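Enquirer: Line order of the protein sequences matches chains A and B.
Note that my numbering numbers the first sequence so that position 236 is 236, with each residue one more than the last.
Residues are numbered in my numbering as their position in the second sequence, beginning at 1, plus a constant of 252.
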Amino acid sequence: MAQPILNVRGLVKRFGGLLATDHVDLTVQPGEIHALIGPNGAGKTTLISQLMGELKPNEGTVELAGQSLDALPTARRVGLGLARTFQITCLLPDYTVLDNIALAVQVRQGHSFRFWKNVRSDRSLRDEASTFLTGTGLEPRENELVANLSHGEQKQLELAIALATQPRLLLLDEPMAGLGHAESQQMIKTLRGLKNQVSMLLVEHDMDAVFALADRISVLVYGRVIASGSVDEIRQNPEVRTAYLGEGDELC
Amino acid sequence: MNSENSFKRPALLAAVLIVMIALPLIADATGYSALTSLATRILIYGIAAASLNLVLGYGGLVSFGHAAFFGIGGYVVGILYQHYSLEEPLFGFIPGTNQMLITLPVAILISGLAAAAIGALSLRTGGVQFIMITLAFAQMLFFLFVSLKTYGGDDGLIIRRTNELPGLNMRDKQTVYYVCLFITAVFFALLWRIVNSRFGNVLVGLRQSEKRMAAIGLPAYRYRLMAFIISGMGCGLAGALMANFLRFASPDMMHWTKSGELMVMVILGGVGTLFGPLIGAAVFIVLETTLAAWTENWQLALGFILLFVVLYTHGGVQALVSRLMGKR
Ligand SMILES: Nc1ncnc2c1ncn2[C@@H]1O[C@H](COP(=O)(O)OP(=O)(O)OP(=O)(O)O)[C@@H](O)[C@H]1O
Ligand SMILES: [Mg+2]
Chain A
1 MAQPILNVRG LVKRFGGLLA TDHVDLTVQP GEIHALIGPN GAGKTTLISQ LMGELKPNEG
61 TVELAGQSLD ALPTARRVGL GLARTFQITC LLPDYTVLDN IALAVQVRQG HSFRFWKNVR
121 SDRSLRDEAS TFLTGTGLEP RENELVANLS HGEQKQLELA IALATQPRLL LLDEPMAGLG
181 HAESQQMIKT LRGLKNQVSM LLVEHDMDAV FALADRISVL VYGRVIASGS VDEIRQNPEV
241 RTAYLGEGDE LC
Chain B
253 MNSENSFKRP ALLAAVLIVM IALPLIADAT GYSALTSLAT RILIYGIAAA SLNLVLGYGG
313 LVSFGHAAFF GIGGYVVGIL YQHYSLEEPL FGFIPGTNQM LITLPVAILI SGLAAAAIGA
373 LSLRTGGVQF IMITLAFAQM LFFLFVSLKT YGGDDGLIIR RTNELPGLNM RDKQTVYYVC
433 LFITAVFFAL LWRIVNSRFG NVLVGLRQSE KRMAAIGLPA YRYRLMAFII SGMGCGLAGA
493 LMANFLRFAS PDMMHWTKSG ELMVMVILGG VGTLFGPLIG AAVFIVLETT LAAWTENWQL
553 ALGFILLFVV LYTHGGVQAL VSRLMGKR
């Protein structure tokens, strides 16, 4: 098999007595959408934060395309091609939609020790930023302040910003949560369209979305990966059904 | 944001500038010659407060130690003057000087270096810790200068003559005012470029969400440090001007109450706006002067006014005026 884009080995994270990540092994292959599912509090967000370097794991290693990320701070990891979206949106509220994306483009272009040119009349930056809005529902809203966006629009902006960093691997933390049916369908379509460009680790509760998008699924329960496999394998797995898909009663 | 609109009101700005140019003449004509001195102090404090505002308002970093840089700027002028007048070089090889074209750049440089050192250490922390550490550094410098008997210790340093500028009579209060006005104009023009540049963009981004900025790949520390250094340099410039204006530099310039006053000016005028701190400095100094004439407890009265500004104006005097003028 080709070298995985993401390779996680023996990852452990403890919050006091709580084992939030319990010896997790996980790989994402290039071009694949790997879904990570699990009940509330299973440790999905905690795992993503460790991959990004926002949280420091107690044990284990993380590699991106064969390169170890363990010693690198978040900013360097992003530079190497890692990007995430936030479950609880994390945007710049005083800035417009376009400002938020343009800032991601700016940071990707290199250092920001530039003190003279007005950043808001920098055509190259603005034009490139708006390419990340074409075809999305945010296109007509590019000059709206983030604080005035609906929840669904903020979720879309999260994705647009992450894409503006031009990642090789996208970590999506519940991109459909809180979206209406139409918005979810739109998001599924968008993600499917991205499949050729970027690999994804998709954390999602919406099982329709997971089954529609995922190439592989891993199931996380109490910080531990209890199963990993193709969509069908996971559907059939009795342990998964007991622990997660809520069909335990039938099996007793 | 306010900051971007500030220069889109060129008419208002030009009007203010004309009034400021005409001010000494008005002061003379009306017999209030003290007005020129008052205005000079406002300009100088305006520079210091606007410098603090770069980290406080734009960067969201609550520094409680900026008087340190103000004081360092003042002492650079004072110490260079002392070595000049005693004709004995500093450390045996650095000659003193009374030339403003040298003292101001040196003051900016030294305060920038001090800001680099203090910033490098204090920016490793955040929140309340950052407030306390910046305060602690400033107080350390305060006590250092109190104990430096060679430079006047507690009593400070008297500078017998304002620094010279070629071709100008710096003994004239009006000339000093115009020099300060010119420097203030240049300073704000530079600051305006900075806050609207790529650098300003990441700084304001960091204030809004450090987590978001990290997630788009920004290493925060170095940008904050740069902002802290620029800010320290601005305060150093202001301190150097103040030492020239008062012909005096003393440890009081770096006392924590001075840091507090600078913060009050920023809050009074409008946090995170380009000209807010200058307006705040004007309001503060006018209030200080008039209230002090009425009552000994002027600080209490000032406290109430500050409370009102914080609770009711939503963004200081600048925002209040904008709203009264029907903008925003
Ligand atoms: N900073 C923290 N300190 C202490 N405990 C934490 C911290 N962050 C998360 N936890 C705990 O770790 C566990 C995993 O949390 P996490 O947010 O990763 O779950 P999740 O799988 O993302 O859940 P959800 O589906 O609700 O988003 C939870 O029990 C949570 O309470
Ligand atoms: Mg979560």
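The C-beta atom is built at its ideal place from N, Cα and C for all residues, glycine as well.
Computed from a prediction, not measured in an experiment: that's the story for all the values here.
Cβ closer than 9 Å: which chain B residues qualify as neighbours of A/M52?
Expert: A466, A467
Enquirer: Once DSSP output is grouped into helix, strand and coil, what is the label at A/A83?
Expert: strand
Enquirer: Closest to A/S218 by CA distance: which of A/G17, A/T21, A/T27 is it?
Expert: A/T27
Enquirer: Shortest alpha-carbon distance to A/A164 belongs to which of B/I435, B/R459, B/A467, B/M422?
Expert: B/A467
Enquirer: By Cβ distance, which residues of its chain are closer than 7 Å to B/L543, with the 5 residues on each side in sequence left out?
Expert: W550, A553, L554
Enquirer: Could I get the ranges of all uninterrupted alpha helix (DSSP H) runs contained in the segment 431 to 485 of chain B, with 4 residues as the minimum, in chain order?
Expert: Listed in chain order, the complete alpha helix (DSSP H) runs (minimum 4 residues) inside the segment 431 to 485 of chain B are 450 to 460, 462 to 467.
Enquirer: For B/I531, which option in B/T292, B/E540, B/G521, B/V538 has the closest C-alpha, if you only look at C-alpha atoms?
Expert: From the listed residues B/T292, B/E540, B/G521, B/V538, the smallest Cα separation to B/I531 is found for B/G521.
Enquirer: I want to verify the contact list: residues of chain A whose CB lies under 8 Å from the CB of B/I537, in sequence order.
Expert: In chain order: nothing, as chain A lies at least about 30 Å away.
Enquirer: What does B/V505 touch in chain A if you count any residue whose Cβ is under 8 Å from its own?
Expert: Going by the sequence as given, residue 505 of chain B is Met instead of Val. Correct list: empty, because the minimum Cβ distance to chain A is about 28 Å.
Enquirer: Taking the alpha carbon of B/L526 as the point to measure from, which residue in B/F556, B/A441, B/F560, B/L559 has its own alpha carbon closest?
Expert: B/A441
Enquirer: Would you call B/I270 buried or exposed, if buried means 16 or more other Cβ atoms sit within 10 Å of its Cβ?
Expert: Per the 10 Å Cβ criterion, exposed.
Enquirer: Apart from the five residues on each side of it in sequence, which residues of its chain come closer than 7 Å, Cβ to Cβ, to B/S258?
Expert: With a pLDDT of 49 at B/S258, under the threshold of 50, the modelled position of this residue cannot be trusted; read the value that follows with caution. Closer than 7 Å at Cβ, skipping near neighbours: T525, L526, F527.
Enquirer: Would you say A/A162 and A/A83 are within 8 Å of each other, going by their C-beta atoms?
Expert: yes
Enquirer: Return helix, strand or coil for A/Q29, following the three-state DSSP convention.
Expert: coil
Enquirer: Would the segment 316 to 325 of chain B and the segment 483 to 498 of chain B be scored as touching if the rule is three or more Cβ pairs under 8 Å?
Expert: yes
Enquirer: Go ahead and pull the three-state DSSP assignment for B/V307.
Expert: helix
Enquirer: Ordered along the chain, which non-local residues of its own chain (more than five positions away) have a Cβ less than 6 Å from that of B/P262?
Expert: none
Enquirer: To the nearest angstrom, how far is it from the Cα of A/A212 to the Cα of A/I188?
Expert: 8 Å
Enquirer: Would you kindly check if the distance between the Cβ of A/R141 and the Cβ of A/V97 is under 8 Å?
Expert: Yes, they are a contact pair.
Enquirer: Checking contacts by CB at 8 Å: is B/M392 closer than that to chain A?
Expert: no
Enquirer: Would B/F497 pass as a contact of B/I296 if the rule is Cβ separation under 8 Å?
Expert: yes
Enquirer: Is A/Q289 near ligand 1, in the sense that its beta carbon is under 7 Å from a heavy atom of that ligand?
Expert: No statement about residue 289 of chain A is possible, as the shown extent of chain A runs from 1 to 252 and does not include it.
Enquirer: Got a sec? Which residues, its chain only, sit under 6 Å from B/A368 by beta carbon, not counting five neighbours each side?
Expert: I481
Enquirer: Starting from A/E59, trace the alpha helix (DSSP H) in both directions and tell me its first and last residue.
Expert: Counting along the chain, A/E59 falls outside any alpha helix (DSSP H), though it belongs to the beta strand (DSSP E) covering 59 to 64.
Enquirer: Within its chain, find whatever has a CB closer than 8 Å to the CB of B/E540; leave out the 5 residues flanking it on each side and keep chain order.
Expert: So the list reads W550, L554, once near-sequence residues are dropped.
Enquirer: Just to make sure I have the definition right: I need the residues of chain C whose C-beta is within less than 8 Å of the C-beta of A/A214. Which are they?
Expert: Among the protein chains of the structure shown, namely A and B, there is no chain C.
Enquirer: Return no unless some Cβ of chain A is closer than 8 Å to the Cβ of B/F451.
Expert: yes
Enquirer: Under three-state DSSP, which class holds A/N100?
Expert: helix
Enquirer: List, from N- to C-terminal side, the alpha helix (DSSP H) runs of 4 residues or more that fit wholly inside the segment 511 to 558 of chain B.
Expert: 528 to 546
Enquirer: With a cut-off of 5 Å, give the chain-ordered residues whose Cβ is closer than this to any heavy atom of ligand 1.
Expert: A/F15, A/A20, A/N40, A/G41, A/A42, A/G43, A/K44, A/T45, A/T46
Enquirer: Measure from the alpha carbon of B/C432 to the alpha carbon of each residue in B/W546, B/I294, B/I537, B/G404, then state which is nearest.
Expert: Closest by alpha carbon: B/I294.
Enquirer: Is the segment 28 to 37 of chain A close to the segment 191 to 205 of chain A, with three or more CB pairs under 8 Å?
Expert: yes
Enquirer: Please indicate yes or no: does the CB of A/D173 lie closer than 7 Å to some heavy atom of ligand 2?
Expert: yes
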